[in-house]
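Residue numbers (UniProt numbering): 1 to 261.
See the structure below:
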């Protein structure tokens with residue numbers, strides 16, 4: 001078999017290869033140069049398979065570059081993206097090797113950049129960051145190294161800001177419940193128990209006895225009405241349990257019940 005024509009496509013950098021007067025397959029300019037394809041060149045079926053596979057790899061590489069042009073990506077993200085475009089693992093593997101060699105993909109550097117960005121622009125703590133990086137396929141050692149970009153001092157400052165917002169949100173709750181909800185809120189954001197405790201300490205919150213008593217009577221009155229049809233002893237027990245769950249102390253609850261009786 002012989003290449004009888006090489007025609008440029010309308011699409012820049014792509015060429016159609018004709019063999020023995022008939023269109024046979026397309027190639028990129030990169031593959032055209034790589035295999036030194038030219039008119040009147042003798043070619044075999046085995047060579048065509050090698051060339052067309054190289055062209056698929058070239059397509060996958062350019063697809064990956066386009067994907068990377070928007071933002072940094074992890075290896076797992078690139079693999080998933082190329083798989084979605086129906087490239088095979090055998091085609092994806094050399095693409096990743098090339099991207100690594102050129103420094104276009106590096107999971108450790110990606111993780112470092114991700115940690116720095118999240119630390120500065122969001123309210124997420126290390127545990128949430130770790131979960132997100134795992135989903136992106138970053139290895140544990142790389143995650144651990146990357147989290148050094150989010151030191152204790154920065155975590156504390158971020159968690160204090162979150163704790164201040166939560167304290168305002170839950171300021172009408174019983175003091176014990178307020179503290180617990182602030183702590184749970186920090187846990188949900190991905191901060192450790194150590195950071196959460198220190199952040200709350202930094203707020204210097206103190207129990208407001210007048211407000212606590214006011215909330216006890218407001219919430220207690222609602223609970224009493226809810227169980228007013230029950231016998232006195234049973235009603236008192238229900239009230240006692242409900243108020244305790246809301247964070248009031250047993251001494252305060254007993255005093256309230258005595259007042260109601």
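Positions of the beta carbon are idealized from the N, C-alpha and C atoms, including for glycine.
Kindly identify the DSSP beta-bridge partner or partners of residue i.
i, result
"residue 16", "7 and 26"
"residue 149", "Paired residues: none, contrary to the question."
"residue 2", "42"
Taking the continuous alpha helix (DSSP H) assigned at residue i, which residues delimit it?
i, result
"residue 185", "175-189"
"residue 225", "209-226"
"residue 65", "45-68"
"residue 172", "Here residue 172 belongs to no alpha helix (DSSP H), and DSSP marks it neither H nor E."
"residue 231", "Segment: none, residue 231 is in no alpha helix (DSSP H) and carries neither H nor E."
"residue 90", "89-101"
"residue 122", "Premise fails: residue 122 is in no alpha helix (DSSP H) and is neither H nor E."
"residue 76", "75-84"
"residue 193", "193-203"
"residue 255", "250-260"
Would you report the Cα separation of residue i and residue j, rounded to the nearest angstrom?
i, j, result
"residue 275", "residue 178", "Since the first residue shown for the chain is 1 and the last is 261, residue 275 is missing from the structure and cannot be characterised."
"residue 59", "residue 115", "32 Å"
"residue 50", "residue 68", "27 Å"
"residue 194", "residue 219", "32 Å"
"residue 138", "residue 98", "19 Å"
"residue 269", "residue 91", "Residue coverage of the chain in this structure runs from 1 to 261, which leaves residue 269 outside it and unanswerable."
"residue 266", "residue 130", "Limits of the chain in this structure are 1 at one end and 261 at the other, which puts residue 266 out of reach."
"residue 39", "residue 29", "15 Å"
"residue 275", "residue 102", "Outside the shown range of the chain (1 to 261) lies residue 275, about which nothing can therefore be said."
"residue 80", "residue 112", "21 Å"
"residue 22", "residue 45", "15 Å"
"residue 251", "residue 165", "30 Å"
"residue 140", "residue 110", "13 Å"
"residue 206", "residue 261", "31 Å"
"residue 213", "residue 192", "32 Å"
"residue 173", "residue 221", "15 Å"
"residue 128", "residue 136", "13 Å"
"residue 36", "residue 3", "12 Å"
"residue 71", "residue 149", "19 Å"
Determine whether the beta carbon atoms of residue i and residue j lie at a separation below 7 Å.
i, j, result
"residue 120", "residue 85", "no"
"residue 55", "residue 27", "yes"
"residue 246", "residue 190", "no"
"residue 144", "residue 107", "no"
"residue 147", "residue 126", "yes"
"residue 233", "residue 199", "no"
"residue 1", "residue 33", "no"
"residue 223", "residue 241", "no"
"residue 244", "residue 235", "no"
"residue 203", "residue 163", "yes"
"residue 15", "residue 5", "no"
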